[in-house]
Every structure is written in structure tokens, then in C-alpha cells.
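According to the numbering used here, the residues represented by the sequence shown are 209 to 370, in order.
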Amino acid sequence: MITPNDALSTILRTSDNERRALLKLELKTVRDMLYYFPTRYNDLAELRLIRDVAVGETVTLYGTLSKLKTKKGFKSRIPMAEATLTDASGSIPVIWFHQAYMAKMTHEGQAVKLSGKVTEGKHGIYLANPELSKEATLPIDSHGSLFAGENGKTSGTIFPVF
């Protein structure tokens with residue numbers, strides 16, 4: 209029988225990397241795992257289409273990535289990754305500053321969920337340093353609305369962000 213004070217190392221089969229990650233998060237016992245709560249929750253009702261975003265908003269967008277590339281800033285020489293996110297309503301550039309590896313973590317046509325701030329630069333608006341989550345499919349129906357039910361409203365489902 210497992211008790212809350214049992215060490216995770218005696219219960220789980222983990223690799224050295226996984227053990228280090230658990231220790232970094234200070235997760236040593238079953239009790240620690242039970243009390244490891246998300247930092248916040250994202251509400252699917254707040255998801256947006258690209259055509260509806262505005263500068264300054266923090267948004268969550270679903271779409272496919274294309275035009276992935278790495279480069280350095282013209283003056284600052286900051287390494288960065290660039291891509292274009294496309295959904296049923298349009299497309300938006302995505303830039304990860306100081307994270308050039310992001311362009312190598314995904315591939316052309318990859319379905320993703322991006323959460324980040326819409327920023328305006330001299331070449332227009334873009335999504336700056338978004339969190340990336342690879343998705344198996346895109347939750348967009350044939351009418352182009354996200355998570356719409358029979359009445360056209362979203363489900364209101366929430367999911368944790370750790």
C-alpha cells in the first residue's frame with residue numbers, strides 16, 4: 209500500500225533525468241505530488257482566432273506552424289526563432305527571442321497551441337515569446353470557430369498550466 213510519506217524514488221521507475229527534474233521541482237514524496245498545484249488555469253472560452261487579436265492582449269491560439277527559421281537580430285545579434293502561425297481566420301508571425309532552438313523543436317505543418325502576448329513592431333503585429341504545446345489535432349470546426357457547441361458557445365473547459 210502506498211502512503212503519502214513514501215518516496216517517489218521507491219514507487220516510480222524513473223530515469224536519471226526524470227529524477228533530477230522531480231528534485232528540481234522539490235517533488236520527493238507522494239504528498240509532494242498531491243500538493244503540486246498549477247500556477248494558473250487557462251479557460252478554453254478565452255481562446256481566440258487570429259483575426260480577433262489586438263495589440264497588448266495575452267492570447268491562446270491554435271494553428272499550424274510554417275516558415276520556421278532561426279536568425280540573429282540585425283543590430284543586437286540576439287539569437288531568435290521565427291515562424292508563422294495560421295488558423296482558419298488568418299496568420300500571424302511568431303518570434304521567440306533568445307530561443308533559436310524553438311524552430312528546431314517543431315516542423316512545418318505542426319499543429320500547435322501558442323500562448324503569449326500580441327506585440328506590435330515596425331513590421332506589424334506578432335506573437336512574442338509564446339509558450340508552445342504540440343497538439344495532435346486542431347480544435348476548429350468547419351465554421352472556423354473554436355470549441356463551438358450546438359448553440360455556438362464555447363464549452364468553458366479549463367486546463368492547468370504548471
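Here a beta-carbon is modelled for each residue, glycine too, at the ideal position from N, C-alpha and C.
Quick caveat: nothing in here was measured; it's all calculated off a predicted structure.
Three-state secondary structure (DSSP) at residue i?
i	result
residue 272	strand
residue 221	coil
residue 349	Caution is warranted here: a pLDDT of 45 is assigned to residue 349, below 50, making its placement in the model unreliable, and the coordinate value is therefore given only provisionally. Coil.
residue 328	strand
residue 290	strand
residue 321	strand
residue 238	helix
residue 229	helix
residue 303	strand
residue 258	helix
Using the Cβ count rule (16 or more neighbours within 10 Å means buried), how would you classify residue i?
i	result
residue 313	exposed
residue 233	exposed
residue 268	buried
residue 311	buried
residue 271	buried
residue 334	buried
residue 340	buried
residue 273	buried
In whole angstroms, what is the alpha-carbon distance linking residue i and residue j?
i	j	result
residue 226	residue 263	39 Å
residue 295	residue 370	26 Å
residue 210	residue 246	24 Å
residue 317	residue 290	14 Å
residue 309	residue 288	8 Å
residue 319	residue 368	20 Å
residue 305	residue 338	10 Å
residue 356	residue 332	Because residue 356 sits at a pLDDT of 49, beneath the cut-off of 50, its placement in the model cannot be relied upon, and the point is left open.
residue 212	residue 330	55 Å
residue 343	residue 315	12 Å
residue 229	residue 307	21 Å
residue 366	residue 328	29 Å
Below 8 Å on the Cβ atoms is my contact criterion, and I expect residue i with residue j to pass it. Report the Cβ-Cβ distance as a whole number of Å.
i	j	result
residue 259	residue 297	4 Å
residue 300	residue 293	5 Å
residue 257	residue 241	Actually they are not in contact, since the Cβ atoms of residue 257 and residue 241 sit about 37 Å apart, beyond 8 Å.
Is residue i near the ligand COA - that is, is its Cβ less than 8 Å away from at least one heavy atom of it?
i	result
residue 325	Of ligands this structure carries none, so the ligand COA is not represented either.
The segment 232–251 contacting the segment 276–288, beta-carbon criterion three pairs below 8 Å | Not touching, per the Cβ criterion.
Would you call the segment 323–332 and the segment 280–289 in contact, with 3 or more CB pairs under 8 Å? Contact between the segment 323–332 and the segment 280–289 is absent, because fewer than three Cβ pairs lie under 8 Å.
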